[in-house]
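Protein chains in written order, with UniProt numbering: chain W, 1 to 98; chain Z, 1 to 543; chain E, 1 to 135.
Here is the structure we will look at, set down as structure tokens.
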Amino acid sequence: MRVLTGNDLPTGDVVWWTGSGWSRHIEDACDVADQGESIAHAEQGARRVNVPYVIDATLTADGPRPAHIKDRIRALGPTVRADLTLKPADPMAGSWVI
Amino acid sequence: MYKYDQYDQQMVDTRVEEFRDQVKRRLAGQITEDQFKPLRLMNGLYLQLHAYMLRVAIPYGTLDSRQMHMLAHVARKYDRGYGHFTTRQNLQFNWIKLEDAPDILAELATVEMHAIQTSGNCIRNISSDQYAGAAADEVTDPRVWAELLRQWSTFHPEFTYLPRKFKIAVIGADEDRAAMRLHDIGIQMVRQGGELGGKIFVGGGMGRTPMISHEIRDFVGSDDLLSYLEACLRVYNRYGRRDNIYKARIKILLHEIGPEDYRRQVEEEFVAVKALGLDPPKAEFDRITAFFAPPAYEADAADAIDRSDPDFAVWVDQNTAAHKQPGYAIVTISLKPTGGIPGDATAEQIDLMADLAERYSFDELRVTHAQNIVLPHVRKADLYTIWQQLDAAGLAPANLDLISDIIACPGLDYCSLANARSIPLAQKITERFADPARQRDIGELKVKISGCINACGHHHAGHIGILGVDKKGVENYQLSLGGSGAEDVSLAKITGPGFDEDGVVDAVEKVTTVYLAQREGGERFLDTYRRIGMEPFKEALYG
Amino acid sequence: MVENQHDEPAVTLDAFLDSQTNATAVRLEAGDDARALLPYLDRIALIEVSFPSFRDGRGYSSARILREAGYTGELRAQGDVLVDQMPLMQRCGFDSFAPESEIDPATLEASLKRYENVYQKAADGRVPIWARRHG
């Protein structure tokens, strides 16, 4: 699948395109198929996202998982600070990142 | 240390308002990200993997307790309770919101701090010797020139859109603790017939194409310094390559036209600009010099240290250096605990270091390019109480310049440019070599790790250097040996094919085994490597 | 900021140098050597310096070289010129601007007036801070 990601302009938070808006959680990401570039253009123009780009991902039972390690780390947080990731209470949350 | 006058303060305050206006225009859509990016970068604001990152300037690595406390305050109020000290003697916050950035800069400005020119294709924060003003081997305090250069380079109208970033280091001793020869311009201050001046080196750098700088002038006096650098920079701004970002640093210009031709052009330009009266008068040099006068040392401070606590004695031997004043020592606080993140400090640790500096080090701290903190002027009589407080806060690893005192860039855990993670490697290596006696037996061994070819982790200058690369989406690490950023400067050479994460930790261990088997007399790792060459290490790694 | 005063077409540096032209307006591309114009400065009324990209800072040096050599005619920054760059350009000696994109006059005015003082001596005659300190 193809997933659209970027950063929120005022906060810098990592965000994922859900089909109707932007979520902090990769699990909400939808398959943009070949529409990624045009959605990115419109959303960037409206300043609802900053520097958006399309990536490859795999849809698993737990949700989309980015193909590249960089975006997997973006999706959760730094691998060296589990306490600062999106799921600080779950020690196994990062098992799919590396 | 230097204190702002009304002009310096007004400059920084105005900058805050300028950036507030630029952020407002960006959030309102009046400027695009493409146009905003160079503006935010010139205020040290990056967009990284998880958030914006703010790099705060610590000019020549010197700061006082009030400034240090402010860093802790920003970490608590706007970030996530910690900061990362960098190889350019600065500090980075990893979790900044764009909308908060103007307020953060306004808070920093209240303690004479800013983030000006900590990124962008301009003259970056001037770096220097962390022992400046304290080292026993010093000719003069290099921070006087560093401060002159700070002011000259701030908002320089001609050199803010250079072909590429530009880094300057100034040292004032024979021992090079600032990797001076690996800077775009390196200055070694010297005395010639009683006159103070500097030897000028140009064209060093790490990155994709590491190079050691060339000596361009053996002596430039204080009254010619700014004109001479103006000439150096103008030749670069006019002729440095702009067609290829990877060939845009001044080192490539020198490599392509040769140091002789560069020198000739600089000397011609110098004649032209010297006539313009760009250099400040001696009174300004004297004004700045006065700020760096030695502190009021206790005249009869005791030289003896009670070494009855063995852990303390080990720390004293490893983490203190000779001070020019009898009865005093230079303390390095290691930010490299076993399994820790090199250069990271919590807000509480930052506050503690500030308190110790205020109480025991004439209110001064330094940041080192090796990502540690220095208390420059400590009475030997106070060392024990300082050590106890550091130890209680996890700040007393006795490992300065040992194998666990690793330089590591933030790598792929934080940085959008990275190809591989750096921090986990540093953690694993320090865990593998956790035994302090083993570390001391190995002795001085500088391990430096970069997560991409930009070499923020100085891997080219590592006795053992490690470069993370992306091999078809998998992290892979190239090992190199024999680099040095010190006065015996050299560039590390790659050993051969790369390793995976655990493999490179094993490889580091094999390299130390070869060294221990081969070393003679008091040889450091680097000395043995230089004597026996790469082959025995290759044999152990790949044979 | 001085408005653009000269509207005659500017010729290229090569055309200016090798023809018998009486042109009084020259256009310098970013990579052109401004020093080639030094013998002719007294008969030039306009030098237009091109900025092909806002990242390309060669024109700042061209401007200073011309002003330092005594050029007093119009010096125009043309091309990808951003409002936040204009104060620096003015310091280097530019006195007119022909940006490709429209500039909001209020933003420009605020930008040009913002810094009361400067650290360096440059081509705009402003007194540097070090001189004020020891005035």
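Yeah, the Cβ is synthetic: ideal placement off N, Cα and C, and Gly gets one too.
Every value quoted in this text rests on a predicted model; they were computed, and no experiment measured them.
Could you confirm whether any beta carbon from chain Z is found closer than 9 angstroms to the beta carbon of residue i?
| i | result |
| --- | --- |
| E/I129 | yes |
| W/I73 | yes |
| W/H32 | The residue asked about is misnamed: residue 32 of chain W is Val in this sequence, not His. So, not an interface residue. |
| E/Y40 | no |
| W/Q35 | no |
| E/T21 | no |
| E/A110 | yes |
| E/D104 | yes |
| E/T24 | no |
| E/R64 | yes |
State yes or no: is the C-beta of residue i within less than 9 angstroms of the C-beta of residue j?
| i | j | result |
| --- | --- | --- |
| Z/A461 | Z/G483 | yes |
| Z/G503 | Z/G411 | no |
| E/Q78 | E/R126 | no |
| Z/E158 | E/L88 | yes |
| E/L41 | E/F16 | no |
| Z/I407 | Z/Q371 | yes |
| W/I69 | W/I98 | yes |
| Z/I58 | Z/M11 | no |
| E/S111 | E/M86 | yes |
| Z/R530 | Z/E520 | no |
| Z/I466 | Z/I442 | no |
Within the 9 angstroms Cβ cut-off, does residue i reach chain W?
| i | result |
| --- | --- |
| Z/A321 | no |
| Z/A345 | no |
| Z/L467 | no |
| Z/E348 | no |
| Z/I341 | yes |
| Z/E431 | no |
| Z/A109 | no |
Going along chain W in order, which residues have a C-beta closer than 7 angstroms to the C-beta of residue i?
| i | result |
| --- | --- |
| Z/I453 | In chain order: nothing, as chain W lies at least about 15 angstroms away. |
| Z/I423 | V80 |
Along chain Z, which residues have their Cβ under 7 angstroms away from the Cβ of residue i?
| i | result |
| --- | --- |
| E/E116 | Q10 |
| E/A10 | Within 7 angstroms Cβ-Cβ: nothing; E/A10 doesn't reach chain Z, min ~21 angstroms. |
| W/I55 | Going along chain Z, no residue has its Cβ under 7 angstroms from W/I55, so there is no contact; the nearest lies around 12 angstroms. |
| W/R47 | G29 |
| W/V51 | E33 and L47 |
| E/L88 | P157 and T160 |
| E/R91 | P157 |
Kindly indicate if chain E contains any beta-carbon less than 9 angstroms away from that of residue i.
| i | result |
| --- | --- |
| Z/P102 | no |
| Z/A28 | no |
| Z/Q22 | yes |
| Z/V273 | yes |
| Z/W145 | no |
| Z/E18 | yes |
| residue 553 of chain Z | With chain Z represented from 1 up to 543, any question about residue 553 of chain Z goes unanswered, as that position is not in the structure. |
| Z/T14 | yes |
| Z/L182 | no |
| Z/R264 | no |
Kindly list, in the order they appear in chain W, the residues whose Cβ is closer than 8 angstroms to that of residue i.
| i | result |
| --- | --- |
| Z/E475 | I69 |
| Z/I96 | G12 |
Please compile the residues from chain Z whose C-beta is within a distance smaller than 8 angstroms of the C-beta of residue i.
| i | result |
| --- | --- |
| E/A122 | P157 and E158 |
| E/E29 | Under the 8 angstroms cutoff, chain Z gives no residues; its nearest Cβ is about 12 angstroms from E/E29. |
| E/E68 | A272, V273 and L276 |
Could you name the residues of chain E that residue i contacts, counting a contact when the two beta carbons are closer than 7 angstroms?
| i | result |
| --- | --- |
| Z/P281 | H134 |
Using a Cβ cut-off of 9 angstroms, pull out every chain Z residue sitting near residue i, in sequence order please.
| i | result |
| --- | --- |
| E/Y71 | By Cβ distance, chain Z contributes nothing, its closest Cβ being about 14 angstroms from E/Y71, past 9 angstroms. |
| E/R76 | The contacting residues do not exist; E/R76 stays about 17 angstroms from chain Z at best. |
Since residue i meets chain E, which of its residues come closer than 9 angstroms, beta carbon to beta carbon?
| i | result |
| --- | --- |
| Z/L39 | L82 and D84 |
| Z/T332 | What Z/T332 touches in chain E: nothing, since even the nearest Cβ is about 33 angstroms away. |
At a cut-off of 8 angstroms, is residue i close to the ligand MG when judged by its beta-carbon and the heavy atoms of the ligand?
| i | result |
| --- | --- |
| Z/L335 | The ligand MG is absent from the structure shown, which contains no ligands of any kind. |
So what does residue i bridge to, in DSSP terms?
| i | result |
| --- | --- |
| Z/A146 | DSSP output for Z/A146 lists no bridge partner at all. |
| W/N7 | W/V14 and W/N50 |
| E/E48 | E/R27 and E/R76 |
| Z/Y239 | Z/Y239 pairs with nothing; no bridge assigned. |
Show which residues of chain E have a CB atom less than 8 angstroms away from the CB atom of residue i.
| i | result |
| --- | --- |
| Z/Y7 | N117, I129, R132 and R133 |
Give the residues from the stretch 51-62 of chain E that approach chain Z closer than 7 angstroms (Cβ to any Cβ), ordered along the chain. R55, D56, G57, R58, Y60 and S61
Got a sec: which bits of the stretch 2-30 of chain W sit with their beta carbon under 8 angstroms from any beta carbon on chain Z, in order along the chain? N7, L9, P10, T11, G12, D13 and V14
Give, in chain order, every residue of the stretch 65-84 of chain Z whose Cβ lies closer than 8 angstroms to some Cβ of chain W. R80
Note down, in chain order, all residues in the stretch 60-90 of chain W with a beta-carbon under 8 angstroms from any beta-carbon belonging to chain Z. A67, H68, I69, K70, I73, R74, G77, P78, T79, V80, R81 and L84
Where the stretch 395-415 of chain Z meets chain W: residues whose CB sits under 8 angstroms from a CB there: L412, D413 and Y414
Select from the stretch 288-314 of chain Z all residues with a C-beta closer than 9 angstroms to any C-beta belonging to chain W, and list them in chain order. none
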